[in-house]
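Residues 938 to 1176 (this note's numbering) are what the sequence shown spells out, left to right. Yeah, the Cβ is synthetic: ideal placement off N, Cα and C, and Gly gets one too. Here the structure is a predicted model, which is why all the values come from computation and not from measurement. Below is one structure, written out as structure tokens, with a few remarks after it.
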Amino acid sequence: MVCRLYIDEDISVGSSMGLPADQGHYLRTVMRLGPGSPVILFNGFGGEYHSTIEILTKQETSAYIESFNDVSREMPVRVHIVQAACRSEKIDSLLQKATELGAASFSIIRSERSSLKLDAAKRDKRVERWQKIVIEACEQSERTMIPQVQWIEKLSDAPNKGPAFTLHPDTDTSWPEQRHHFSTAADITFAIGPEGGWSHRDIETLAGLGFQSLTFGPRIMRTETAAPALLAAIQSLLD
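Encoded structure:
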């Protein structure tokens, strides 16, 4: 498998470009590559660039951009995840897995029962860390678009693109009744509760924003399991 790297800048075919020191270290010491080795670069704007390492030393790393492949590995429907803030390790896990399974964006949001509380300084650092997890998952899963991660302090500000649903066991609306949306809509939003579930007030707030409560099978999933399970189920309908 050819190594893939995300580059946060414009990439031009037929030119050489320097790579960041941390990526040079990764290519040299982890992947054990050298000059002449192939590498694939992408910048999150779609497609990927087939390249060849030119220089790979402790002081400098560069690659020559050979060609552009206008490939897309995105789902035909953009699935947006509104995740109630929970323990950090759970967010790390769901971001990684949901990115690999095709999520289009993530909004980490405070709810009445959220266990994670961050001040402004910690919040910015945490979002930066979460975005890095998403980028690494895109590199591994061969995605060419980068889902964006944002923190939202108030549940009343939850975004809802396209048909919007929240998972809640105490409702009569089931997954099969709404599955037609998953193959016809351009965007879908799912709101997923924290470890203790949504409060009654949370459900009322989400309903006021247009979120419809939905059950997803007879079992109760952990908060970090829900988003990957939803994405896998939607992908199976589209294949």
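Does the Cβ-Cβ distance between F1119 and L1174 come in under 7 angstroms? As a working note, residue 1119 is residue 182 in the sequence shown. As a working note, residue 1174 is residue 237 in the sequence shown. Yes. Within cutoff.
On the three-pair Cβ rule with 8 angstroms, is the region 991-1009 touching the region 953-966? yes
Return the CA-CA distance between C1075 and P1084, expressed in angstroms with no decimal places. Within the sequence shown, numbered from 1, the residue matching residue 1075 stands at position 138. Within the sequence shown, numbered from 1, the residue matching residue 1084 stands at position 147. Distance between the alpha carbons of C1075 and P1084 is about 9 angstroms.
Please state the DSSP three-state secondary structure of D1124. Position 187 of the sequence shown holds residue 1124. Note: D1124 maps to strand in three-state DSSP.
Would A1122 pass as a contact of V1014 if the rule is Cβ separation under 7 angstroms? Here residue 1122 is taken as the residue at index 185 of the sequence shown, counted from 1. Here residue 1014 is taken as the residue at index 77 of the sequence shown, counted from 1. Contact flag set, yes.
S1009 by DSSP, collapsed to three states: which one? Taking the first residue of the sequence shown as 1, we reach residue 1009 at position 72. Three-state result, S1009: coil.
Whole-number beta carbon distance between I977 and R941, since they are thought to touch under 8 angstroms: Your numbering for residue 941 matches position 4 in the sequence shown. Your numbering for residue 977 matches position 40 in the sequence shown. Right, the Cβ-Cβ distance comes to about 5 angstroms (below 8 angstroms), so this counts as a contact.
Suppose contacts are defined by Cβ-Cβ distances below 7 angstroms. Is A1128 in contact with L1143 by that definition? On the sequence shown, position 191 is the one that residue 1128 refers to. On the sequence shown, position 206 is the one that residue 1143 refers to. Contact: yes.
Out of curiosity, what's the CA-to-CA distance linking M968 and E991? Taking the first residue of the sequence shown as 1, we reach residue 968 at position 31. Taking the first residue of the sequence shown as 1, we reach residue 991 at position 54. Cα-Cα distance, rounded: 15 angstroms.
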